[in-house]
Amino acid sequence: MAIKQKILDTIKNEHITPIPAWKFFMGTYGLWILSGVLLILGSFGVASIVFLFTKNDWDIYTELSESKFTHIVSTLP
């Protein structure tokens, strides 16, 4: 029996159906959308960290804390 006939018999006996193309496209598009959302959330996180470090009162940390490290840790959210 030829391999072609074996494959056709297996498909017929096990009722194998092809997977629709839209499932592959939705998986790909879903991955791109998720990547975009995570990129936007990451950029907001980095922007807020940069904002906190630039607006942190670096001139008065000696009066508020013992060291820069404790000042940074105490002023971060």
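For the record, in the sequence shown the residue sitting at position 30 is 15 according to this note's numbering, with numbers rising by one throughout.
Backbone N, C-alpha and C define an ideal beta-carbon position, used for all residues, glycine too.
With 16 other CB atoms within 10 Å as the buried threshold, where does H0 fall? H0 should be labelled exposed.
State the Cα-Cα distance for the pair H56 and S20, rounded to the nearest angstrom. Distance between the alpha carbons of H56 and S20 is about 35 Å.
Would you kindly work out how many angstroms separate the C-alpha atoms of I(-12) and K(-3), rounded to a whole number? Roughly 14 Å between the two C-alpha positions.
Integer-rounded CB distance, given that L61 should sit under 8 Å from L37: Right, the Cβ-Cβ distance comes to about 7 Å (below 8 Å), so this counts as a contact.
Compute the Euclidean distance between the alpha carbons of S59 and F29, then round it to the nearest angstrom. Near 21 Å, if we compare the C-alpha coordinates of F29 and S59.
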